[in-house]
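Using this note's numbering, you'd call the opening residue of the sequence shown number 5 and step up by one each time. Backbone N, C-alpha and C fix where the C-beta goes; we use that ideal spot for every residue, glycine too. Quantities reported herein were computed from a predicted structural model and do not represent experimental measurements. Working notes for the structure below.
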Amino acid sequence: MTKDVKGGICAAKGFLANGLNAGIKNNVKKDMAIVYSEKPCRAAATFTTNVVKAAPVKYDYELVHNSDFIQAVVVNSGVANACTGKQGMDYCKEMSDAAGNVLGIPSEAVLVASTGVIGKQLPMDIITAGIKELPKDMAGDEAHATLAAEAIMTTDTKSKQVAVTIDIDGVPVTVGGMCKGSGMIHPNMCTMLCFITTDCAINKKLLQKSLSLSIDETFNMISVDGDTSTNDTVILLANGMAGNKEIVEEDDNYKKFFEAVYYINQELSKMIAGDGEGCTCLFEVQIKGAATKEDAKKMAKSVVMSSLTKAAIYGHDANWGRILCAMGYSGAQFDPETVDIYFESEAGKLQIVEQSTATDYSEEKATEILSKEHVIAICNCNNGDFEATAYGCDLTHEYVNINADYRS
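Here you go:
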């Protein structure tokens with residue numbers, strides 16, 4: 005059983021963090037963060053499947069797979085360091101070298117991440133100065149975890165953090181994380197940027213497996229706008245400082261750890277979807293009674309991505325035909341004559357479709373349900389035993405406004 009705790013990225017033993025304004029964003033917002041472990045870590049990661057990969061994605065991939073250990077991550081927001089050629093790769097190495105020097109660890113033990121505008125080169129004088137300042141006030145408390153979580157934000161309206169503890173043979177083990185993401189969200193592995201820390205002792209193979217498997221039904225099941233970023237990265241660091249017996253096989257202890265990582269990723273996924281650019285609500289789509297798991301996932305993602313459905317949710321309009329239509333073009337196989345559809349929120353639950361035909365539902369009640377900050381569409385195909393859930397948000401005028409002048 006997992007238990008929610010405070011502390012985010014710093015909740016696990018031995019992890020310190022900090023965030024500050026280095027000046028990348030014209031001295032307006034915090035724009036650099038650091039996460040540091042007192043002990044060397046085993047690392048796992050997943051990265052964007054976009055063919056156009058940012059320099060930090062390519063750089064970190066090599067370090068995660070080839071370095072003996074990882075001990076720190078340095079992050080900047082404001083500039084993505086994507087589509088920047090050899091110079092962008094060189095700047096990644098400069099960031100690692102600068103952080104390694106000030107922390108007293110090998111540069112190969114420092115991962116880097118960037119988020120922001122594509123195509124601009126990093127302002128390395130500002131970045132380097134920020135790296136020198138970040139470790140001076142690092143700490144392992146909730147306040148510094150929040151500073152780091154705020155520093156990685158771009159168009160996010162709120163920081164995103166979560167942490168839990170589990171019991172491994174009587175030893176408390178903690179997993180904590182932070183992420184950012186609000187636009188250009190349609191992950192095909194994870195999200196924009198996500199960092200997870202744990203004090204669990206676990207071997208590298210199982211650490212990677214727990215991350216990869218949990219990503220598939222959490223971050224890979226969210227969509228804000230259908231755009232898969234060039235910078236998508238999830239990093240999981242484990243320093244073993246909890247003192248549990250090392251997890252080396254897929255036993256009950258591994259299952260507990262996996263459930264904790266899954267929970268962290270699921271909660272962070274929902275936070276991203278619910279903070280989609282310009283959105284007014286978190287839109288959750290549950291597909292039930294599908295013939296296969298893959299069919300359930302296809303239908304859930306198709307509905308949550310449908311621009312027409314998202315616009316209807318924004319207008320609090322129970323336009324269920326758009327939902328059924330999106331299920332139909334998803335590529336999944338189901339009987340279109342046997343679908344039941346419900347809307348649910350804190351205002352109640354209402355069946356609007358039975359066997360693919362409208363019920364005599366109250367439009368007034370439907371509007372009330374759709375006016376809340378978390379709206380759920382439940383679609384039962386009555387065609388099997390499989391289900392899947394996807395998360396997204398409504399589509400608003402503000403989304404267009406934000407992305408029409410993102411660079412200006």
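Nonlocal neighbours in the same chain, by C-beta distance under 8 Å from residue i, ignoring five residues either side
| i | result |
| --- | --- |
| Tyr65 | Ala49 and Phe51 |
| Asp173 | Asn248, Lys249 and Asn257 |
| Met193 | Reliability fails at Met193, whose pLDDT of 43 lies under 50, so the model's placement of it is uncertain and no value is given. |
Buried or exposed (CB count within 10 angstroms, at least 16 for buried), residue i
| i | result |
| --- | --- |
| Ser366 | exposed |
| Glu154 | buried |
| Val252 | exposed |
| Asn54 | buried |
| Asp35 | buried |
| Glu281 | buried |
| Thr361 | exposed |
| Gln165 | buried |
| Val32 | exposed |
| Lys274 | buried |
| Ala143 | exposed |
| Tyr333 | exposed |
| Lys7 | exposed |
| Asn105 | exposed |
| Met303 | buried |
| Gln270 | buried |
Delimiting residues of the alpha helix (DSSP H) encompassing residue i
| i | result |
| --- | --- |
| Thr313 | Ser311 to Tyr318 |
| Tyr95 | Gly89 to Leu107 |
| Ala408 | His401 to Ala408 |
Reduced DSSP secondary structure (H/G/I, E/B, other) of residue i
| i | result |
| --- | --- |
| Phe261 | helix |
| Ala362 | strand |
| Phe223 | helix |
| Gln125 | coil |
| Ile58 | Note that residue 58 is Ala in the sequence shown here, rather than Ile. Ala58 falls in the coil class under three-state DSSP. |
| Ser375 | coil |
| Val307 | helix |
| Cys14 | helix |
| Glu391 | strand |
Closest residue to residue i among the options (Cα-Cα distance)
| i | options | result |
| --- | --- | --- |
| Arg326 | Leu354, Ile130 and Val289 | Val289 |
| Ile406 | Glu368, Asn22 and Thr158 | Thr158 |
| Ile74 | Leu374, Asp220 and Glu112 | Glu112 |
| Tyr63 | Met99, Ile122, Cys183 and Ile109 | Met99 |
| Asp94 | Lys43, Asn105, Val77 and Ala59 | Ala59 |
| Ala322 | Thr296, Lys302 and Leu354 | Leu354 |
| Ala205 | Val179, Thr88 and Gln337 | Val179 |
| Asp203 | Val177, Asp145, Tyr403 and Ser186 | Val177 |
Enclosing beta strand (DSSP E) for residue i [first to last residue]
| i | result |
| --- | --- |
| Lys43 | Met36 to Phe51 |
| Ile156 | Looking at the DSSP string, Ile156 is not in any beta strand (DSSP E), and its letter there is neither H nor E. |
| Lys292 | Leu286 to Ala294 |
| Cys329 | Taken as a continuous stretch (DSSP letters only), Cys329 belongs to no beta strand (DSSP E), being part of the alpha helix (DSSP H) at Trp324 to Gly332. |
| Asp344 | Asp344 to Ser349 |
Neighbourhood of residue i by C-beta distance below 7 Å, restricted to the same chain and skipping five residues each side
| i | result |
| --- | --- |
| Glu358 | Asp344 |
| Leu138 | Asn22, Leu24, Met36 and Ile38 |
Contact test: residue i Cβ vs the ligand HEM heavy atom, cutoff 7 Å
| i | result |
| --- | --- |
| Thr88 | Only the bare structure without any ligand can be found here, which leaves the ligand HEM out of the picture. |
Residues near residue i in its chain [Cβ-Cβ closer than 6 Å; skip 5 each side]
| i | result |
| --- | --- |
| Gly82 | Ile28, Lys29, Asp35 and Gly120 |
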